[in-house]
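What follows is a single structure, written as structure tokens, with notes after it.
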RNA sequence: GCUGAGGUAGCGAAGCCCGGUUCAACGCGCCAGACUUGAGAUCUGGUGGGUCGCAAGGCCCUCGGGAGUUCGAAUCUCCCCCUCAGCGCCA
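Residue numbers (the numbering used here): 2 to 429.
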């Protein structure tokens, strides 16, 4: 969330940003927040005045008792105060809640380089790598290919858990693990600390890392428990320092999360509905950084470069887009998507999402940095996919598919799967 | 799940039985100033959140959370949450 002081002192700066997003209803919300905040300050000031009087009376009462003087006049005055204070406190608390809720719904300030646009069709391409090559034969849908090779069982997964799940089998499991191992290896070499986080977390922690509205649509909740299955390891890692003061000497903190991810929303269907592209459960290596505010834009480029380097190593063509105002979401100040080339679909599709959340996420989580007893600041947080194996696997299955129905293993993955060069060979 | 012990500021730790000289002592750490060539040691002040103020400074809130009793609650009462230890169960 934004700093209330920013809104109080420079509401027009915030308003200009909302106009860039074309968020008219948010502008109204901004006006409401400004008004509620003003009322809140007036109300608390009034309540504080009465509390001051109450404290004075209490002290005077103790003095009078000690001196064995009559204190009934004081007692009488004090008797009237609690009701008034209670009413003002209730009003203030209501206003405070409104302000907080408003703040949670106002989006982050955008970086100046974010392009203005209505939706993902207006994202701006900023880089491309590799040349998509013609396969020279008709590629099989990867889901059918995997079934034919006995490497995935969508039917039985559907029987026991419904659509959106799969039994990965045999070489596909090894390929999945190789992708994870390769990406984690890359991150460790880049100086990131691996983290295997809890797969579930409490609602209050979740509210800090993501938008409230997402709960019903993307989150799995454990029945009867205050626990949600994580949608990405970004969430437990981001929430790790909730309500803490990070010693500034420890910054930057760079983590490589590894986890399964669980999402209810698998969205609309495009080409090849059956398959790994959109799943309720998939595996992912995630990059997450806490850093000083002045360093976050440098880190944003580093995270992007890590993501690009991984796909370059896999020799899969990709492009990078600067996500426009209509597609960027609430939390990020700037976001790059890296989109890999999918030859069967004939287009680039998102495999990596790389965001600088500036201080927005950290403030929601009540994370500060500095020295205890000294000045504090709100650190910046950044997150980016390193490798989501669902999409990575599909990219490999399309880009490395051979005419005989086998799939060549990308060179960089071979050391992670016993130097195996091909999968599906035995079954062809 | 059962039993017991706990939850006080960044950390440690008093206070709770017996409500009011405790507007949370003391120690460590940290910050600022003084002293010093510098560092250390020492001394002094400060150390969470909010709000008002140009500032100096003022005021309010904060003892796991909530409700209650009272003129007044860290302290008394009730409910809830969490942590730790032992036991049980368990990959």
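Note that CB positions come from ideal geometry on N, CA and C, so glycine has one too.
Quantities reported herein were computed from a predicted structural model and do not represent experimental measurements.
Does the Cβ-Cβ distance between residue i and residue j come in under 8 Å?
i           : j           : result
residue 325 : residue 123 : yes
residue 367 : residue 244 : yes
residue 239 : residue 193 : no
residue 125 : residue 116 : yes
residue 291 : residue 382 : yes
residue 390 : residue 108 : no
residue 322 : residue 337 : yes
residue 237 : residue 296 : no
residue 461 : residue 111 : With the chain covering only 2 through 429, there is no way to say anything about residue 461.
residue 359 : residue 285 : no
residue 78  : residue 58  : yes
Measuring CA to CA, which of the options is closest to residue i?
i           : options               : result
residue 113 : 357, 396, 371 and 421 : 357
residue 139 : 36, 401 and 416       : 401
residue 37  : 88, 103 and 24        : 103
residue 131 : 232, 86 and 315       : 315
residue 212 : 90, 380 and 329       : 329
residue 129 : 305, 421 and 327      : 305
residue 372 : 78, 232, 247 and 84   : 247
residue 345 : 40, 137, 424 and 13   : 137
residue 173 : 144, 9 and 231        : 144
residue 167 : 351, 58, 416 and 148  : 148
residue 378 : 81, 249, 135 and 63   : 249
residue 204 : 225, 191 and 158      : 225
residue 25  : 411, 327, 351 and 397 : 327
residue 208 : 363, 411 and 414      : 363
residue 396 : 311, 420, 361 and 405 : 311
Just list the residues that DSSP pairs residue i with in beta bridges.
i           : result
residue 284 : 261
residue 319 : 130 and 341
residue 202 : 229
residue 357 : 335 and 383
residue 248 : 371
residue 195 : 257
residue 289 : 256 and 384
Could you tell me if residue i is buried or exposed, where buried requires 16 or more neighbouring beta carbons within 10 angstroms of its beta carbon?
i           : result
residue 185 : buried
residue 251 : exposed
residue 299 : exposed
residue 392 : buried
residue 17  : exposed
residue 418 : buried
residue 94  : exposed
residue 407 : buried
residue 197 : exposed
residue 189 : exposed
residue 161 : exposed
residue 11  : exposed
residue 87  : exposed
residue 195 : exposed
residue 428 : Here residue 428 scores only 45 on pLDDT, less than 50, and its place in the model should not be relied on; the value that follows carries that caveat. Exposed, because fewer than 16 other Cβ atoms sit within 10 Å of the Cβ of residue 428.
residue 42  : exposed
residue 223 : exposed
residue 15  : buried
residue 8   : buried
- Query: Can you list, in chain order, the stretches of the beta strand (DSSP E) that have 3 or more residues and sit fully within the stretch 376-402?
  - Reply: The stretch 376-402 contains, as complete beta strand (DSSP E) runs of 3+ residues, the segments 381-389 (chain order).
- Task: Could I get the ranges of all uninterrupted alpha helix (DSSP H) runs contained in the stretch 125-183, with 4 residues as the minimum, in chain order?
- Result: Counting whole runs of 4 or more residues, the stretch 125-183 contains the alpha helix (DSSP H) stretches 143-149 and 155-162.
- Ordered list of beta strand (DSSP E) runs contained in the stretch 59-124, each at least 3 residues: none
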